[in-house]
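K.L.:
Below is one structure. I have some questions about it.
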DNA sequence: TTTGGTTACTTAAGAATCTTATGTATATTT
DNA sequence: AAATATACATAAGATTCTTAAGTAACCAAA
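Protein chains in written order, with the working numbering: chain A, 94 to 213; chain B, 94 to 213.
Below you can see the structure in the form of structure tokens.
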């Protein structure tokens, strides 16, 4: 008989809503082309298991970003299995700048609300 | 003929999704009882007009938090108009601690992804 | 005085983003 | 042989939000 204890931050948090696109863009800008599964694993590493991106969120997001012209996709066969590598386009780089600026504003605003004693 | 230019950060950003409950709890913990409209104005001030909480999001949120036992409500008549003042309960204070811890984790994780060169 | 703007709350309909669940298919480990 | 991991896809449902419409009172300006 096993009892599972969910440690704090196991990504039940709704705070990550809206941040997936920004995360994907930043990773691709940083690392060059990546495939979907690789993105989920990288994020898991970076957040020490805290944030587990679900396939049901990831793949539709990638498709949408490709449709928007922010990413290109190239299928490659590795070990007799297909991987779809995504790379960022010039428009995607512009979008990245905007998204990161939005994120900065968001973080600053949350600080202003949560920590109103500090000035910015 | 008027042309409206939306300045950067006019809260079109999806990043605020999931943060409303945390914001309300923190404000009530900080300031004591507040009424709905007051909360929207305080947030607008704190974020310099950047974040405008919509009534359609605010009021259902307040009702839900009250139903969860995190807030109490008291109707008061001011200038022949009804205001509903919300105050935080002991359970609400516990919830506030948890929500703020979640927010800290979220902010730290976003930093790890967006700024992987820094160590935490 | 009546029109428009502000204050103050409510709620329904629809949009956006996500989780859960299911499916396909191959590789690797037990 | 069975379970786990890799790798992608997508439909159904949940959650949280925006938009919109309604009620009601106050106040300033035309």
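Quick reminder that beta carbons are idealized off the backbone N, C-alpha and C, glycines included.
1. Counting only the same chain and skipping the five closest in sequence on each side, list residues whose C-beta sits under 8 Å from that of residue 168 of chain A.
2. Among the candidates A:183, A:149 and A:172, whose CA atom is the shortest distance from the CA of residue 164 of chain A?
3. Using a Cβ cut-off of 7 Å, which residues of the stretch 134 to 150 of chain B contact any Cβ in chain A, in chain order?
4. Quick one: Cα of residue 36 of chain A to Cα of residue 108 of chain B, how far?
5. Can you give me the start and stop residues for the beta strand (DSSP E) that residue 135 of chain B sits inside?
6. Considering only residues of the stretch 164 to 199 of chain A, which uninterrupted alpha helix (DSSP H) runs meet the minimum length of 4 residues and lie entirely inside it, listed in chain order?
7. Mind listing the chain A neighbours of residue 155 of chain B? Cutoff is C-beta to C-beta under 8 Å, in chain order.
8. Cα separation between residue 185 of chain B and residue 197 of chain A?
9. Quick check on residue 127 of chain B - is its C-beta less than 8 Å from some C-beta in chain A?
10. Quick one, are the C-beta atoms of residue 209 of chain A and residue 144 of chain B less than 8 Å apart?
11. Using DSSP with H/G/I as helix, E/B as strand and the rest coil, what is residue 157 of chain A?
12. Count the CB pairs spanning the stretch 125 to 138 of chain B and the stretch 193 to 207 of chain B that are closer than 8 Å, and state whether there are at least three.
13. To the nearest angstrom, how far is the alpha carbon of residue 99 of chain B from that of residue 158 of chain B?
14. Here's the rule I'm using: 16 or more other beta-carbon atoms within 10 Å means buried, otherwise exposed. How should residue 105 of chain B be labelled?
15. Run down chain A in chain order and give the residues with a C-beta less than 9 Å from the C-beta of residue 183 of chain B.
16. Using a cut-off of 7 Å between C-beta atoms, extract the partners of residue 186 of chain A located in chain B.
P.N.:
Reading it off the structure:
1. 175, 176, 177 and 178
2. A:183
3. 136, 139, 140, 143 and 144
4. Outside the shown range of chain A, which is 94 to 213, sits residue 36 of chain A, and nothing can be said about it.
5. Premise fails: residue 135 of chain B lies in the alpha helix (DSSP H), 129 to 139, not in any beta strand (DSSP E).
6. none
7. None at all; the shortest Cβ gap to chain A is about 17 Å.
8. 29 Å
9. no
10. no
11. helix
12. no
13. Residue confidence is low: residue 99 of chain B scores 43 on pLDDT, short of 50, so the model does not pin down where it sits. No coordinate-derived value is stated.
14. exposed
15. Here the premise fails: no neighbours, minimum Cβ distance about 21 Å.
16. Residues of chain B passing the Cβ test: none, with the nearest at roughly 15 Å.
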